[in-house]
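There are 2 protein chains.
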Amino acid sequence: MARPRLSEATRNLLLQEGVASFLVQGYHGTGIKQVLDQARVPKGSFYNYFKSKEDFGAAAIQHYASCFGEEMTRVMTGAPDPVTGLRSFFETLMGQFEASGYAGGCLIANLGGELEGSEVCREAIAEAFGDWHKATTDALREGQSLGLVRKDVEAAELAHLLIEAWEGAVIRMKVERSLAPLRRVVARLIDDYFSPADQG
Amino acid sequence: MARPRLSEATRNLLLQEGVASFLVQGYHGTGIKQVLDQARVPKGSFYNYFKSKEDFGAAAIQHYASCFGEEMTRVMTGAPDPVTGLRSFFETLMGQFEASGYAGGCLIANLGGELEGSEVCREAIAEAFGDWHKATTDALREGQSLGLVRKDVEAAELAHLLIEAWEGAVIRMKVERSLAPLRRVVARLIDDYFSPADQG
Chain A
0 MARPRLSEAT
10 RNLLLQEGVA
20 SFLVQGYHGT
30 GIKQVLDQAR
40 VPKGSFYNYF
50 KSKEDFGAAA
60 IQHYASCFGE
70 EMTRVMTGAP
80 DPVTGLRSFF
90 ETLMGQFEAS
100 GYAGGCLIAN
110 LGGELEGSEV
120 CREAIAEAFG
130 DWHKATTDAL
140 REGQSLGLVR
150 KDVEAAELAH
160 LLIEAWEGAV
170 IRMKVERSLA
180 PLRRVVARLI
190 DDYFSPADQG
Chain B
0 MARPRLSEAT
10 RNLLLQEGVA
20 SFLVQGYHGT
30 GIKQVLDQAR
40 VPKGSFYNYF
50 KSKEDFGAAA
60 IQHYASCFGE
70 EMTRVMTGAP
80 DPVTGLRSFF
90 ETLMGQFEAS
100 GYAGGCLIAN
110 LGGELEGSEV
120 CREAIAEAFG
130 DWHKATTDAL
140 REGQSLGLVR
150 KDVEAAELAH
160 LLIEAWEGAV
170 IRMKVERSLA
180 PLRRVVARLI
190 DDYFSPADQG
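Chains A and B, in that order, are what the protein sequence lines are.
When you line the first sequence up against numbering that gives the first Met the number 0, it's residues 0 to 199, in that order.
When you line the second sequence up against numbering that gives the first Met the number 0, it's residues 0 to 199, in that order.
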């Protein structure tokens, strides 16, 4: 039997539909059949691309994290300094959330909260957090060397606090249907707590 | 036909099993049959207590929030001051998370992230956040009047930041299987940013 011809475009389409559905209906609320229908891909081909729903979930998390990372790099590269870059990136995310009517939120937070018992997905989520944390730490460390961020707390520690507070705020945003929790994270942490003026 | 006899104990048992299952398997991953089996309640009686799975979900969120609120009140009442009370309450939660092997986490964060499209459940989650925010604001405001908390930022604003950062940290805890994110929220926010010494 000939090996089925796999297309990178079809795989990406399935991942895009998967991300969209996982975001709004959660992991357990998403059916593979529905994803295939949305992507107009015949049912039989799913298992040529993914071993299982769990494998597909992990790949969707990686796909989401990769798009997120590319967007962050794009925004940060165009910014005059890394702290302005972080603010712009959060503004970009807020704009997207507002445009979608506060639906969806962040796949990493949603599946991090929902999923239990899938080691493959847990590792994909941990890696997504790790990449995001690394990029944020780099930005804050550069901010410290430029005198834009307090130096008495490790950049890595500030970055952890920032992304964890952001993730909780995204959940609150979904519930309250308001950007206020997200604006608060930027105002209280980046603009105030992280400011060199607050240095002890 | 006689109206079925409803028992408060059976209702509470169903809610307890619902909370346990929603915590670990999420809303969509939880089946009503499984909850009934766990609670050893005959299938037919479910609809005497709840109109639908959605109605059951909202009641489970209220049940969880009510237990959470009672525990917070209990810990806060026994504390020498409200800031020590908040720290003790978070320590209590950390002890529970550690004992459960970092499984489950917080129902409010998990369902806040997963659920979309259920207005009834969204309102129940918003109310749970609201009650928690009110109790935390009261504690921080009393802390301000005692000189234990900075006064240049509204207690309500600090309380929002604290519970949102905590919720994000609970999700990170689940993914990393570590209390470090939770300890960070206490150390960075309560012990540092909220401290009167940091007052601008």
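No residue lacks a Cβ here, since even glycine has one placed at the ideal position from N, Cα and C.
Since we're looking at a predicted model, the values are computed, not measured.
Using a Cβ-Cβ cut-off of less than 9 Å, give me the residues of the segment 3-37 of chain A that come near chain B, in sequence order.
-> 22, 23, 24, 25, 26, 27, 28, 29
To the nearest angstrom, how far is it from the Cα of residue 107 of chain A to the Cα of residue 155 of chain A?
-> 19 Å
Identify whether residue 128 of chain A lies in helix, strand or coil by the three-state DSSP scheme.
-> helix
How many whole angstroms separate the CB atoms of residue 57 of chain A and residue 123 of chain A, which I take to be in contact at a CB cut-off of 8 Å?
-> 4 Å
Spatial distance of residue 135 of chain B from residue 77 of chain B (CA atoms) | 16 Å
Let me know the alpha helix (DSSP H) ranges lying completely inside the segment 11-77 of chain B, each 4 residues or longer, listed in chain order.
-> 31-38, 45-48, 52-76
Compile a chain-ordered list of the residues in the segment 152-168 of chain B whose CB is closer than 9 Å to at least one CB of chain A.
-> 152, 156, 157, 159, 160, 162, 163, 164, 165, 166, 167, 168
Burial state of residue 171 of chain B, where buried means 16 or more other Cβ atoms lie within 10 Å | buried
C-alpha gap between residue 179 of chain A and residue 167 of chain B, whole angstroms | 16 Å
Kindly indicate which residue of B:188, B:72, B:113, B:47 has the alpha-carbon position closest to the one of residue 7 of chain B.
-> B:47
Pairing CB atoms from the segment 35-54 of chain A with CB atoms from the segment 96-110 of chain A, are three or more of them under 8 Å?
-> no
Straight-line gap, residue 29 of chain B to residue 49 of chain B (C-alpha atoms, nearest Å) | 15 Å
From A:5, A:195, A:63, residue whose alpha carbon lies closest to that of residue 17 of chain A = A:63
Within the same chain, show all residues whose beta-carbon is closer than 6 Å to that of residue 119 of chain B, passing over the 5 residues directly before and after it, in chain order.
-> 53, 57
Counting Cβ pairs closer than 8 Å, one from the segment 139-156 of chain B and one from the segment 139-148 of chain A, do we hit at least three?
-> no
Inter-residue Cα distance where the pair is residue 42 of chain A and residue 32 of chain A = 7 Å
Can you give me the start and stop residues for the alpha helix (DSSP H) that residue 179 of chain B sits inside?
-> 179-184
Consult DSSP for residue 153 of chain A and reduce its assignment to one of helix, strand or coil.
-> coil
Backbone secondary structure at residue 119 of chain B - three-state DSSP | helix
DSSP three-state call for residue 187 of chain B: helix, strand or coil?
-> helix
With DSSP run on the structure shown, which of helix, strand or coil describes residue 104 of chain B?
-> coil
For chain A, find out if any of its Cβ atoms is closer than 8 Å to the Cβ of residue 113 of chain B; answer yes or no.
-> yes
Pull out every residue of the segment 121-143 of chain B whose Cβ sits closer than 8 Å to any Cβ of chain A, in chain order.
-> 121, 124, 125, 128
Output, in chain order, the set of chain A residues within a Cβ distance shorter than 7 Å of residue 104 of chain B.
-> 112
For a contact meaning CB atoms closer than 7 Å, what does residue 170 of chain A contact in chain B?
-> 108, 111, 112, 166
Contacting positions in the segment 85-98 of chain B - beta carbon closer than 7 Å to chain A = none
Taking the C-alpha atoms as reference points, what is the distance between residue 117 of chain B and residue 116 of chain A?
-> 25 Å
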